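Engineer: This structure is in structure tokens; I'll ask about it shortly.
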Ligand code: TEU
Ligand code: CA
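In this note's numbering, the protein residues as written are 1 to 555.
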């Protein structure tokens, strides 16, 4: 395929907005849709092609919108349906599509469906959920724990049965085995698609096919059947992009989700490279066990798995993850250099980049000293669960400071003005105190800032065919601190080499392939020539181009 025949989402770069923390237009301390509209020029300057908009539907906001109470209404704190339609139009006028986050594995316990389901076992909505009898002693059907702490089973006295809630009692799972429920979901999805959105990010799509009696929750037996059903009902024949979130998908199962002939989705967010840095016994709230050779192996396996079919989603952060410069490199002295290195190495692989708000100015993790500084339902729920099982507050705070979802949810830092220019009032969540130094205004005033680097990278991606389609080849896969690879489309080659370490390293002999390399970009241009032959400075990254090697003469 040539550049012009690739679908728009293969050459575009995505930008995720967590609406509660992006920009507040009306001084209530909560980000909102008019606030997003006011910042569209910032995103157009960056050069992104679509926004992944985290949920803006009506919700009690116990999970900040990932608990939907009305799929057809905009949460009042975020604005109105008219505001939303204006966002779609204003974004489209800037060449930016809106991809909506859709949470249909579960809804909020405040949804009318669930209210009715809890009043009567006879109403049609009752069967939209999973119900099971108590055990003879009244205890839950099994000992499944909810992601956010406590039992996954919620007792409903009026019905005298338990309801299955994978995340927690306020997010009851929708029963996708019920065709009437699926029809309701598809009708709603088409209603949004008909409003001109550019597609969907499907929250925890891997859970919709679960078999709760077999306790097979992830990538359940009916998952692909339901995704194909959804594709037929909503996606086919539309020029949209769909990306599913799956914490279980691997390179071996990836094409089942996004292979061109599967009739399912275009891409899938995998978390293999994320969870590789988690302690398997503790999970997110354990220490950061990041190891670059493991990270490279995982990403290389994904590049190989989707080299000819399917398409990678490239990311290091989102609303559930810590800030990359803090998690992978240096958020202090070499913060800017680190941010540039991480972005280049991650986003020049084959696939579509997904930037998270604030990444483009190198925002960092916050530093949480007290439990009351956290806002996230998972952080607070797992604190209760883990300390009940013996974890100390200190251990938990250490883990939460490494990896809590809260790091990504501190308000966007627009300027050094009061409340970081995010709001004219105290924000719903404390700002990262470093906003006075790290903010959009200061960074964009610096021609060597992170924003300008991201803008140039996105422009390179959009204009350089070898970035979209070039074959990926990892170099020095076992090297402990160098992440180097080439891209090759038969005409041009690209070489990307980054140093994840805080100290300079000698260039291994087999790292740089033979070629007439011309430097395109570097976070340390003066060191680039030396890096290509001798020593690679700490947190350095370089991007070089060379003509493809002449094909060997035919015998
Ligand atoms: O996240 C999926 C999810 O379960 C993660 O939160 C992850 O399993 C957990 O954090 C592991 O520690 C999606 C959304 O991205 C997240 O924000 C929602 O809270 C969750 O689903 C429920 O909708
Ligand atoms: Ca607001």
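Backbone N, C-alpha and C fix where the C-beta goes; we use that ideal spot for every residue, glycine too.
Predicted model only: the values in this text are computed from it and were never measured.
I'd like the span of the alpha helix (DSSP H) that includes residue 501, first residue to last.
Structural biologist: Here residue 501 belongs to no alpha helix (DSSP H), and DSSP marks it neither H nor E.
Engineer: In this structure, how does DSSP classify residue 333 when only helix, strand and coil are distinguished?
Structural biologist: Three-state result, residue 333: coil.
Engineer: Regarding residue 24 and ligand 2, is the C-beta to nearest heavy atom distance less than 6 Å?
Structural biologist: At least one heavy atom of ligand 2 is nearer than 6 Å to the Cβ of residue 24, so yes.
Engineer: How about residue 107: is its Cβ closer than 6 Å to a heavy atom in ligand 1?
Structural biologist: No, the beta carbon of residue 107 sits no closer than 6 Å to any heavy atom of ligand 1.
Engineer: From the DSSP output, in three-state form, read off residue 52 for me.
Structural biologist: Residue 52: strand per DSSP, three-state reduction.
Engineer: Exposed or buried, residue 514, counting other C-beta atoms within 10 Å across all chains shown (16 or more means buried)?
Structural biologist: Exposed, by the Cβ-count rule.
Engineer: Which residue marks the beginning of the beta strand (DSSP E) containing residue 159, and which one marks its end?
Structural biologist: No beta strand (DSSP E) holds residue 159; DSSP gives it neither H nor E.
Engineer: Any idea what DSSP makes of residue 546, helix, strand or coil?
Structural biologist: The answer is strand: DSSP assigns residue 546 an E or B state.
Engineer: Taking the alpha carbon of residue 206 as the reference point, which residue from 198, 196, 220, 212 has its own alpha carbon closest?
Structural biologist: Residue 220 is the option with its Cα nearest to residue 206.
Engineer: Could you round the C-beta distance between residue 264 and residue 204 to whole angstroms and report it? I think they count as a contact, below 8 Å.
Structural biologist: Rounded, the Cβ-Cβ distance is 15 Å, inconsistent with contact.
Engineer: Do you know how far the Cα of residue 108 is from the Cα of residue 170?
Structural biologist: Between residue 170 and residue 108, the C-alpha separation is close to 6 Å.
Engineer: Between the C-alpha atoms of residue 8 and residue 465, what's the straight-line distance to the nearest angstrom?
Structural biologist: So the two alpha carbons sit approximately 14 Å from each other.
Engineer: According to DSSP, residue 484 sits in a beta bridge with which residue or residues?
Structural biologist: Residue 484 is bridged to 475, 497.
Engineer: Which same chain residues, not among the five before or five after residue 127, have their C-beta less than 6 Å away from its C-beta?
Structural biologist: Taken in chain order, the residues that qualify are 178.
Engineer: With DSSP collapsed to three states, give me the class of residue 321.
Structural biologist: It is coil, neither helix nor strand.
Engineer: Note down, in chain order, each residue of its chain lying with its Cβ closer than 6 Å to the Cβ of residue 251, except the 5 sequence neighbours on either side.
Structural biologist: Answer for residue 251: 301, 302, 305, listed in chain order.
Engineer: Might you give, ordered along the chain, the residues of its own chain that have their beta carbon closer than 6 Å to the beta carbon of residue 168, omitting 5 neighbours on each side?
Structural biologist: Answer for residue 168: 146, 148, listed in chain order.
Engineer: Could you pull out every residue in the same chain whose Cβ sits closer than 6 Å to the Cβ of residue 77, ignoring the five residues on either side in sequence?
Structural biologist: For residue 77, where only same-chain residues beyond five positions count, the Cβ hits under 6 Å are 30.
Engineer: Is residue 194 near ligand 2, with its Cβ less than 6 Å from a heavy atom?
Structural biologist: Residue 194: no, Cβ never under 6 Å from ligand 2.
Engineer: Give the single residue among 421, 429, 492, 450 whose Cα lies nearest to the Cα of residue 436.
Structural biologist: Looking at the Cα atoms, 421 is the closest of the given residues.
Engineer: May I have the straight-line CA-CA distance separating residue 390 from residue 54, to the nearest angstrom?
Structural biologist: Taking the straight line from one Cα to the other gives about 34 Å.
Engineer: On the three-state DSSP scale, how would you describe residue 250?
Structural biologist: In this structure, residue 250 counts as coil in the three-state DSSP scheme.
Engineer: Regarding residue 147 and ligand 1, is the C-beta to nearest heavy atom distance less than 6 Å?
Structural biologist: The answer is yes for residue 147.
Engineer: Buried or exposed, going by whether 16 or more other CB atoms sit within 10 Å of the CB of residue 25?
Structural biologist: Classification for residue 25: buried.
Engineer: Please tell me whether, using a cut-off of 6 Å, the distance from the CB of residue 28 to the nearest non-hydrogen atom of ligand 2 is below it.
Structural biologist: Yes; taking the cut-off as 6 Å, the Cβ of residue 28 has a heavy atom of ligand 2 nearer than that.
Engineer: Among all the DSSP beta bridges, which residues are the ones paired with residue 352?
Structural biologist: For residue 352, which the question treats as bridged, DSSP gives the partners 313.
Engineer: Do you know how far the Cα of residue 473 is from the Cα of residue 314?
Structural biologist: The straight-line gap from Cα to Cα measures roughly 16 Å.
Engineer: For residue 591, which of helix, strand or coil comes out of DSSP?
Structural biologist: Past the edges of the chain, shown from 1 to 555, lies residue 591, and the structure says nothing about it.
Engineer: Please determine whether the Cβ atom of residue 291 lies at a distance below 6 Å from any heavy atom of ligand 2.
Structural biologist: Flag unset: Cβ of residue 291 not near ligand 2.
Engineer: Can you give me the Cβ contacts of residue 431 inside the same chain, cut-off strictly under 8 Å, excluding the 5 residues immediately before and after it?
Structural biologist: Closer than 8 Å at Cβ, skipping near neighbours: 410, 411, 413, 419, 420, 422.
Engineer: Between residue 104 and the rest of its own chain, which residues show a CB-CB distance below 6 Å, the 5 nearest in sequence each way excluded?
Structural biologist: Cβ neighbours of residue 104 beyond the five flanking positions: 185.
Engineer: Taking all protein chains shown into account, do 16 or more other C-beta atoms lie within 10 angstroms of the C-beta of residue 338, making it buried, or fewer, making it exposed?
Structural biologist: Buried, because 16 or more other Cβ atoms sit within 10 Å of the Cβ of residue 338.
Engineer: Where does residue 123 land, buried or exposed, given buried means 16+ other C-beta within 10 angstroms?
Structural biologist: Exposed is the call here.
Engineer: Which word fits residue 2, buried or exposed, when buried means at least 16 other C-beta atoms lie within 10 angstroms of its C-beta?
Structural biologist: Bear in mind that the predicted position of residue 2 carries a pLDDT of just 48, short of 50, making it too unreliable to give a figure here.
Engineer: Leaving out five residues on either side along the sequence, give the residues of the same chain with a beta carbon under 7 Å from the beta carbon of residue 85.
Structural biologist: Within the same chain, residue 85 has close Cβ partners 195.
Engineer: Going by beta carbon distance, what residues of the same chain come within less than 6 Å of residue 65, once the five residues before and after it are set aside?
Structural biologist: Cβ neighbours of residue 65 beyond the five flanking positions: 55, 59.
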